[in-house]
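*Asks:* Dropping the structure in here first, questions after.
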Amino acid sequence: MFDDPLLWARLQFALTAGTHYMFVAFTLGMAALILVSQFSAVLRGDGARMAAVRFWGGLYAVNYGMGVLSGLVMELQLALNWGGLNDVFGHVFGAPLAVETVAAFFVESTFLGLWIFGWDRMNRWAHLAVFGVVTLTAYLSAFWVLVANGFLKNPVGFEMRDGVAVLTDPVALVTNPSALLAFGHVATSALLVGGLVMAGVSAYHLRRGGDPEGMFRRGVRRGVLVASLALFPTPAVGGAQYALFGAPPTSGTTLAEAEIERIEAAGAGTAPVLAEAGNAVMVLCWTVFLLFLPVALLAWPLRGLDRWRWLQWVLPVMPVLSLLAGVGGWVYRELGRQPWAVRHHMTTAEAVTELSPGLAVTSFVLFTGASAVLAGITWWLLVRFARRGPEGGPLAPAPPPDDGVAVPVHTY
Amino acid sequence: MESVAVLFLVGLLAGYFVLAGCDVGLGMLAPYAARTPAERRRLVFAVAPYFLGSEVWLVAAVGVVAGLFPELEGEVVAGHQPLFVALLAGWLWRDAGLWLRGRLDAPGWHAVWDAAVVVGSWTIALSWGLVLAVLLGGGTLSPLSAPVCAVAVAVLFLLRGAAFGAERLVPADDRSGADCAASADTAARATRVLARAGLVAVPVAVVAVWVDGGVDREAAALAGAVVVVGALAATAGLSGPHRSRPTSAVAMAVLPLVAAVGGRLPVAVPDSGSATLVALAAAPMLPAMVVGQVWLYRMVRRPAASSGFFA
Ligand code: HDD
Ligand code: HEM
Ligand code: HEM
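Protein sequence lines correspond, in order, to chains A and B. Heads up: the first sequence begins at 1 in my numbering, then just goes up one per residue. Heads up: the second sequence begins at 413 in my numbering, then just goes up one per residue.
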């Protein structure tokens, strides 16, 4: 079993994609919250609020680095391990990924560089606008990736010519309900993640009694509010996807009905069971939020958000659950698609590159290992900076230069 | 449509080599140009905000290959798995080094990530040399041309990095970098040596590829090599870094052109549906792409300041 390259390629994809998604969900959710915070700080010209933006922005930037690194692993992995998919569906599946890299990530990363570098060097409104671009393009990134992913689940807009899929209807590809609903669900659930992260970290500091200039009191409120706003839209858009489980409209154009039935009858091993487990994790986590968030909202007018110790113990656990729910959701989506890589057109076994077992294992060890090490370091740093608070954070202002001590002053 | 797409891809790659050549090359030079802890820290400042804007060119190029030229991906990438695995691994660890180095203030931590930056940068440059050898050799790595191409490309990266470092490592106004002035001088001096090394390495690589019987369209590819050598010659005699920045840029930009023209690439016509989607979706973002790149580039043209996120 372990000399099967398919197994290694799938395991590698699942582990690295799951890691990637946790950082991406944090990015998407926090970007929106930071944008609002920075807007309010700039509007009031309030230094205390700006210090808070520096704190959250520092966490954001540390997280973003790992989002990019794990994304690079994903991209090359698609090229190296999933050649069968590329050979047949490359033109269709690859086109939205090309748009993502050219039109979204290109701008996102450049402007994030500007934002990090532009502290104290840029007009504050320009600096705010730069982060506006970062936020917008982060969501644009997610949209285009999900167009590619939605195609795998509900393939539309193409024709088979000489055994190769050709994109005939770009509009159908982009308005694929499987992509639009997934985007709505990913965006709302990312806001849930962002809100709970901000609330959880703030609650931790309130419990410890440190609240420089009220930033964590504002943080816990803003976080709870955003998470509560996202609470119902999340399952509303997500639940709408249950309706997409019928055969895709293009079913039967590549493989005959009988062939499809034969493949599906052969089953997908343990995948369906694990998929249902993923679904259960997601829904269960949401149920916890459903029970908990109204209590937090009630505590607000009672001034309990700042004072109730038990609340401040529970809140920091919530972001962990939200990330767990996200990974559960992906396990559900991806494993639920098995045995198909492109539903009713190509099986996962056909999608994989013909790798030698040795190479498959090497690639697995190298990239899954690197992902795990780097993700572990990044999480450790995130927790460390989150606990340390605004003092000495990654984006904290530079200490004033200690004039003339170490540096010789040339007076001649 | 087809030639527009090919030009777009070559343009993205040229942008990558010209812009990322600076930060990759300076990373390769680190053990030589930055010896004290303060100098190493400053070298990371010099590279760090900048690499965010330079590597996106490669990410975009990879995306365009995947979306518009999947055959190319199958042919080139899948045929040389270990090479691209090495390239990605180098890229990954170098970036990790740049992102993580400044996060902790401990000498051991700095040493680990400095090493990742240096080894990663060398791996990237040498891997690109091998990729060039594969493309020019018609899909095979020959024991003759492969190492020679790798060396020649590495020298060009080093030259680009040295030219960049000669400007970026100059102490900033706030005097905070005054104790690091030696780095800028070292990089400046290196430009001349490296340009001369390139004057030897590039012609040798051309001959090696020739002997191997590679290179499809000789005249065009040779013209590319002549441009590189000319650019190098223009820098080699000068004592300082004066013209090495534009000349090294020309040399880097020619690399993907030589590969595209001289390699026997199985570039099929991109599908009109896919090409239309990419063009229509990318067009509205074009102003933001240009503004962001120019803005970032202008900001980092000045000597690196001494504090910030990355180091
Ligand atoms: C904070 C994260 C989070 C939470 C609380 C939920 N989900 Fe979810 N869910 C995701 C995060 C997520 C996700 C990771 O973002 C997925 C994976 C693919 C996608 O579109 O979103 C997903 C997928 C996903 C799918 C698509 C499966 C497929 O396409 O095969 C459905 C039907 C649902 N979810 C339904 C729900 C329902 C009914 C929820 C609440 C009761 C719920 N999700 C809570
Ligand atoms: C980022 C969150 C994602 C997670 C957690 C995730 C999870 C998974 C998992 C668990 C598998 C393995 C299935 C198996 O064992 O067979 C898988 C496979 C795969 N996924 Fe995803 N996925 C994610 C996003 C995506 C996206 C956005 C795409 C496309 C753009 C995608 C494309 C694929 C492909 C091509 C495979 C291999 C074929 C297959 O096994 O079906 N995934 N993914
Ligand atoms: C097979 C699946 C995926 C691949 C191949 C992939 C590829 C990449 C790559 C290469 C990067 C870094 C550069 C870039 O954006 O192009 C990246 C980052 C990013 N990805 Fe993915 N990705 C995948 C899944 C996802 C999913 C499911 C989402 C969101 C729902 C997503 C959203 C993002 C965002 C927002 C970034 C920016 C970095 C960050 O903000 O952390 N990606 N991805």
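Every residue gets a Cβ at the ideal spot worked out from N, C-alpha and C, and that includes glycine. Being a predicted model, the structure only gives us computed values, none of them experimental.
The beta strand (DSSP E) spanning L167/A covers which residue range?
*Replies:* Here the beta strand (DSSP E) through L167/A covers 164-167.
*Asks:* Going by C-alpha distance, which of Q705/B, V712/B, V416/B is nearest G427/B?
*Replies:* Comparing Cα positions, the closest option is Q705/B.
*Asks:* Take the Cβ of T411/A as the centre, count every other Cβ of all protein chains shown within 10 Å, and call the residue buried at 16 or more, exposed below.
*Replies:* Model confidence at T411/A stands at a pLDDT of 34, short of 50, so the residue's coordinates are unreliable and nothing is read from them.
*Asks:* Taking only beta-carbon positions, decide if R506/B is within less than 8 Å of chain A.
*Replies:* R506/B does not count as touching chain A.
*Asks:* Under 8 Å between beta-carbons, which chain B residues line up against H91/A? List them in chain order, please.
*Replies:* Chain B residues near H91/A: G479, L480, P482, P682, D683, G685, S686.
*Asks:* Relative to the C-alpha of L708/B, which residue among S109/A, A103/A, V24/A is closest?
*Replies:* Here the closest residue by C-alpha is S109/A.
*Asks:* Quick check on this structure: which residue in A645/B, V618/B, R447/B has the alpha carbon closest to the alpha carbon of A635/B?
*Replies:* When each option's Cα is compared against that of A635/B, the closest is V618/B.
*Asks:* Apply the 10 Å Cβ neighbour rule to L397/A and answer buried if 16 or more other Cβ atoms are within range, or exposed otherwise.
*Replies:* Reading off the sequence, residue 397/A comes out as Pro, not Leu. Exposed, because fewer than 16 other Cβ atoms sit within 10 Å of the Cβ of P397/A.
*Asks:* Considering Cα atoms alone, identify which of P177/A, Q312/A, V320/A, A182/A is closest to G194/A.
*Replies:* It is V320/A.
*Asks:* Can you confirm whether the region 203-220 of chain A touches the region 274-290 of chain A when touching is taken to mean that 3 or more C-beta pairs between the two stretches lie within less than 8 Å?
*Replies:* No, the region 274-290 of chain A does not touch the region 203-220 of chain A.
*Asks:* If we count the other Cβ atoms within 10 Å of its Cβ and call it buried at 16 or more, is T348/A buried or exposed?
*Replies:* By the neighbour-count rule (16 or more Cβ atoms within 10 Å), T348/A is buried.
*Asks:* Just how far apart, CA to CA, sit A232/A and R222/A?
*Replies:* A quick correction: the sequence has Phe, not Ala, at residue 232/A. Going from the Cα of F232/A to the Cα of R222/A covers about 17 Å.
*Asks:* When the Cα of L425/B is compared with those of Q38/A, V102/A, D4/A, which residue comes out closest?
*Replies:* For the residues Q38/A, V102/A, D4/A, the minimum Cα distance to L425/B belongs to V102/A.
*Asks:* Going by other Cβ atoms of all chains shown within 10 Å of its Cβ, with 16 needed for buried, is F245/A buried or exposed?
*Replies:* That one is exposed.
*Asks:* Would you call V134/A buried or exposed, if buried means 16 or more other Cβ atoms sit within 10 Å of its Cβ?
*Replies:* Looking at its Cβ environment, which holds 16 or more other Cβ atoms inside 10 Å, V134/A is buried.
*Asks:* Tell me which same chain residues have a C-beta within less than 6 Å of the C-beta of W300/A, skipping the five on either side of it?
*Replies:* So no residue of the chain qualifies.
*Asks:* Among the residues of its own chain, which have a CB less than 6 Å from the CB of P5/A, if the five just before and after it don't count?
*Replies:* So the list reads L355, P357, A360, once near-sequence residues are dropped.
*Asks:* Quick test of the definition: if touching needs 3 or more C-beta pairs under 8 Å, does the region 93-101 of chain A touch the region 25-45 of chain A?
*Replies:* With a cut-off of 8 Å, the region 25-45 of chain A and the region 93-101 of chain A do not count as touching, because too few Cβ pairs lie within range.
*Asks:* Please list, in chain order, the chain A residues whose beta carbon lies closer than 9 Å to that of F496/B.
*Replies:* Neighbours of F496/B on chain A, chain order: L76, A79, L80.
*Asks:* Quick test of the definition: if touching needs 3 or more C-beta pairs under 8 Å, does the region 559-576 of chain B touch the region 528-539 of chain B?
*Replies:* Flag = yes, the region 559-576 of chain B and the region 528-539 of chain B touch.
*Asks:* State the DSSP-derived secondary structure class of A637/B, mapped to helix, strand or coil.
*Replies:* DSSP places A637/B in helix when its eight states are reduced to three.
*Asks:* Do P482/B and N154/A come within 8 Å of each other at the CB atom, strictly closer than that value?
*Replies:* Their beta carbons are not under 8 Å apart, which means N154/A does not touch P482/B by this criterion.
*Asks:* For the alpha helix (DSSP H) that R572/B lies in, which residues bound it at each end?
*Replies:* 557-580 is the extent of the alpha helix (DSSP H) around R572/B.
*Asks:* Secondary structure at E159/A, three-state DSSP: helix, strand or coil?
*Replies:* The answer is strand: DSSP assigns E159/A an E or B state.
*Asks:* Could you work out which residue in S466/B, L516/B, L455/B, L542/B is closest to A498/B when comparing CA atoms only?
*Replies:* Closest option to A498/B, Cα to Cα, is L542/B.
*Asks:* Under 8 Å between beta-carbons, which chain A residues line up against W503/B? List them in chain order, please.
*Replies:* Under the 8 Å cutoff, chain A gives L72.
*Asks:* Report the three-state DSSP secondary structure of W300/A (helix, strand or coil).
*Replies:* Coil, per DSSP.
*Asks:* Please state the DSSP three-state secondary structure of L6/A.
*Replies:* Three-state result, L6/A: helix.
*Asks:* Let me check understanding here. Comparing Cα to Cα, which of G214/A, A79/A, M22/A, V197/A lies closest to A227/A?
*Replies:* With distances taken between Cα atoms, A227/A lies closest to V197/A.
*Asks:* Quick test of your reading: A545/B and S557/B, contact by CB under 8 Å. State the CB separation rounded to the nearest angstrom.
*Replies:* So it is a contact: roughly 5 Å between Cβ atoms.
*Asks:* In terms of alpha-carbon separation, which member of V156/A, Q241/A, T234/A, V164/A lies closest to S251/A?
*Replies:* The residue with the shortest Cα to Cα distance from S251/A is V156/A.
*Asks:* For N347/A, list the residues DSSP reports as bridge partners.
*Replies:* Checking the sequence shown, residue 347/A turns out to be Thr, not Asn. Answer by DSSP bridge pairing, in chain order: W340/A.
*Asks:* Under three-state DSSP, which class holds N81/A?
*Replies:* N81/A falls in the helix class under three-state DSSP.
*Asks:* Measuring only the C-alpha atoms, how far is R657/B from L72/A?
*Replies:* Those two C-alpha atoms are separated by around 29 Å.
*Asks:* How about the region 49-67 of chain A and the region 380-395 of chain A: do they share at least three Cβ pairs that are nearer than 8 Å?
*Replies:* Yes: the two stretches touch, three or more of their Cβ pairs being nearer than 8 Å.
*Asks:* Since A648/B contacts R604/B with CB under 8 Å, what's their CB separation in whole angstroms?
*Replies:* Their Cβ separation, rounded to whole angstroms, is 7 Å, which keeps A648/B and R604/B in contact under 8 Å.
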